[in-house]
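Input: a single structure, listed below in structure tokens.
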Amino acid sequence: MGRDTRPISWIKAARKAFEAFPEGAQTEILTALTIAAEGRKADSAKPLKGFGSGVFEVALRYRTDAYRAVYALQIGEDLWVVHTFQKKSGRGVKTPRKELELIGERLKRLKKELQQ
Numbered sequence: 010m011g012r013d014t015r016p017i018s019w020i021k022a023a024r025k026a027f028e029a030f031p032e033g034a035q036t037e038i039l040t041a042l043t044i045a046a047e048g049r050k051a052d053s054a055k056p057l058k059g060f061g062s063g064v065f066e067v068a069l070r071y072r073t074d075a076y077r078a079v080y081a082l083q084i085g086e087d088l089w090v091v092h093t094f095q096k097k098s099g100r101g102v103k104t105p106r107k108e109l110e111l112i113g114e115r116l117k118r119l120k121k122e123l124q125q
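Read in order, the letters of the sequence shown are residues 10 to 125 in this note's numbering.
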């Protein structure tokens, strides 16, 4: 049975930040992205509010740190990883505003680029 797996594409800055994550955190996030590319949702992924449908955040606790990867399913044919970051704040699980603003900018730019 062939799976209809989407290609996973990365915004360059998101890939660069991701490559600085510890190897174990990278492996867990890649697993979640692969599950999403196969049309399912990993347990660690949840919809990211405020960006419309199809934008998800993978939230990962790894050792004593928290890592995030944000991906979009509704832009073009690929699954797009638009942002990855290490969450520094110990205050709750909310995604920091500056990260949300960056995600919004990258989504806008990506949609524009893919429409050409």
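For each residue, glycine too, the CB sits at the ideal point set by N, CA and C. Quick caveat: nothing in here was measured; it's all calculated off a predicted structure.
{"Check": "Go ahead and pull the three-state DSSP assignment for F27.", "Outcome": "helix"}
{"Check": "Is the Cβ-Cβ distance between L82 and G59 less than 8 angstroms?", "Outcome": "no"}
{"Check": "Taking the alpha carbon of Q95 as the point to measure from, which residue in I112, Y76 and L88 has its own alpha carbon closest?", "Outcome": "Y76"}
{"Check": "Quick test of your reading: T40 and A51, contact by CB under 8 angstroms. State the CB separation rounded to the nearest angstrom.", "Outcome": "7 angstroms"}
{"Check": "How many angstroms separate the CA atom of T104 from the CA atom of E114?", "Outcome": "15 angstroms"}
{"Check": "With burial defined as no fewer than 16 other Cβ atoms inside 10 Å of the residue's Cβ, what is the status of E28: buried or exposed?", "Outcome": "exposed"}
{"Check": "As a quick exercise: from E32, I38 and D13, pick the residue whose alpha carbon is nearest that of V90.", "Outcome": "I38"}
{"Check": "With DSSP as the reference, label Q95 as helix, strand or coil.", "Outcome": "strand"}
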